[in-house]
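All residue numbers for the sequence shown refer to this note's numbering, where the first residue is 241 and numbers rise by one. All residues carry an ideal CB built from backbone N, CA and C; glycine is no exception. Encoded as structure tokens, the structure appears first; notes follow it.
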Amino acid sequence: MCVRSKTTSAQYLATRFRDPTFEKLMDNYKNLVKVIAIQDLILANPKNRSVSIDFLRKFPHIFHIYYDPSKLKPFCSAINASLPVVADGLVRILSMSSSRIVPLRAVFKVWKELGLPHDFEDSVISANSGVFQLCDAQEPNTHLLKLVDGACNNGFRAAVEDWRVVECCKEDCSVDRMKMWFSFKHGYPPGMRLTKNFKAKVKDWQRLPYVGPYEVVGEKKKSKAGMMASEKRAVSIKMVEVEKISQHRKWFGIDLNIRDLFLDHPGIFYLSTKGKRHTVFFEGSL
241 MCVRSKTTSA QYLATRFRDP TFEKLMDNYK NLVKVIAIQD LILANPKNRS VSIDFLRKFP
301 HIFHIYYDPS KLKPFCSAIN ASLPVVADGL VRILSMSSSR IVPLRAVFKV WKELGLPHDF
361 EDSVISANSG VFQLCDAQEP NTHLLKLVDG ACNNGFRAAV EDWRVVECCK EDCSVDRMKM
421 WFSFKHGYPP GMRLTKNFKA KVKDWQRLPY VGPYEVVGEK KKSKAGMMAS EKRAVSIKMV
481 EVEKISQHRK WFGIDLNIRD LFLDHPGIFY LSTKGKRHTV FFEGSL
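Written as structure tokens, this is what we have:
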């Protein structure tokens, strides 16, 4: 955990350590964003979801044209088979909210990152009416997505809990198992200098008790870093734009600048500003 000096948020962002692996990925990812924009334009017109074949042929390294519809069946089957998995991810997101509710617009912001199909309102939400419920919100042009009472799976485990078990079971583990109880896996950017003072503060932070993301809030507060790490574990590609994920801040009880939260924990998150957007990665996702 980083301890901030008296600097502005912009200065804090500018002084962060760079990770060349993530920065290189973002250099190439900005090209994919352009392709996604074309896809969004096609899907935005439900009455005429078509595009010029000549246009697609200009980019054979991006678009694959199938003239035989039967060849698409394996892909369609794979998408249908993934629906229970993405529904489970959506349940996890709702389970991390103390009210078991998030605005539908917040889900729309990250539907690709969650691996949801573009018609998820029908294929996932409406198809699982015993799990999800849409409620009217007290504001125009949006609804609230609610987890139906009793639908929450209390058997959910945060991925970090499995990591702790593996670490404790290693023969060469020299750390007290009780000290590992609240620890998080850390992976720092190459070249980041870890001072003795920094290591000591991280060590103390690792021992702080907290309520897990799927537990009921009692006297202890949920770990803000643990909440966001768990949410990013629920998304498919382990990366998301900060602006998109900030839509969930209020519903997860995070009452601080979410970008600063990511910067405060460089061993858990990595923040890139490539491509005129702020993208956060879960460390260890590559």
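- Rounded to whole angstroms, the separation of the alpha carbons of Pro-430 and Pro-453 is 29 angstroms.
- Under the criterion of beta carbons closer than 8 angstroms, Thr-382 and Arg-433 do not qualify as touching, at roughly 46 angstroms.
- With the rule of 3 Cβ pairs closer than 8 angstroms, the region 251-269 counts as touching the region 514-524.
- Distance check between Pro-343 and each of Thr-435, Leu-387, Arg-297 and Ala-321 places Leu-387 closest, using alpha-carbon atoms only.
- The C-alpha of Phe-509 is placed about 13 angstroms away from the C-alpha of Ile-485.
- Beta-bridge pairing by DSSP links Gln-487 to no other residue.
- Rounded to the nearest whole angstrom, the C-alpha separation of Phe-372 and Lys-274 is 33 angstroms.
- Within 10 angstroms of the beta-carbon of Lys-436 lie fewer than 16 other beta-carbons, which makes it exposed.
- If the five residues before and after Ala-391 are omitted, its C-beta is found closer than 6 angstroms to the C-beta atoms of Val-371, all from its own chain and listed in chain order.
- Around the Cβ of Pro-260, a 10 Å sphere holds fewer than 16 other Cβ atoms; the residue is exposed.
- In the DSSP assignment, the residues bridged to Gln-373 are Lys-386.
- Out of Leu-281, Val-451, Leu-253 and Trp-351, the CA that lies nearest to the CA of Gln-487 is found in Trp-351.
- Here Trp-491 is buried, its C-beta having at least 16 other C-beta atoms within 10 Å.
- Per the coordinates, the alpha-carbon of Ile-293 lies some 14 angstroms from the alpha-carbon of Ile-278.
- Between Ser-366 and Pro-357 a beta carbon distance of about 12 angstroms is seen, past the 8 angstroms cut, so the two are scored as non-contacting.
- Rounded to the nearest whole angstrom, the C-alpha separation of Phe-303 and Ser-249 is 40 angstroms.
- Under the three-state reduction of DSSP output, Phe-522 falls in the strand class.
- Bounds of the beta strand (DSSP E) holding Val-342 are 341-343.
- Closest option to Gly-355, judged by alpha-carbon separation, among Asn-368, Leu-374, His-426 and Ala-318: Ala-318.
- Arg-397 sits away from Phe-422, with the two beta carbons spaced by 8 angstroms or more.
- Counting the other Cβ atoms within 10 Å of the Cβ of His-301 gives fewer than 16, which makes it exposed.
- The beta carbon of Leu-296 sits closer than 8 angstroms to those of Phe-303 and Ile-305, all from its chain and outside the five residues before and after it, given in chain order.
- In the DSSP assignment, Phe-257 falls outside any beta strand (DSSP E) and carries neither an H nor an E.
- Annotated as proximal: Leu-385 and Leu-334, with beta-carbon spacing under 8 angstroms.
- The Cβ atoms of Phe-521 and Met-479 sit closer than 8 angstroms to each other.
- In this structure, the alpha-carbon of Arg-499 lies about 22 angstroms from that of Val-451.
- Membership of Val-405 in the alpha helix (DSSP H) is indicated by the continuous run 399-409.
- In the structure shown, Tyr-428 falls within a coil segment according to DSSP collapsed to helix, strand and coil.
- About 6 angstroms separates the beta carbon of Gly-427 from that of Gly-507, a gap short enough to meet the 8 angstroms contact definition.
- Contact between Val-400 and Lys-425 holds: their C-beta atoms lie close to 6 angstroms from each other, under 8 angstroms.
- Met-336 and Asp-504 have their C-alpha atoms roughly 21 angstroms apart.
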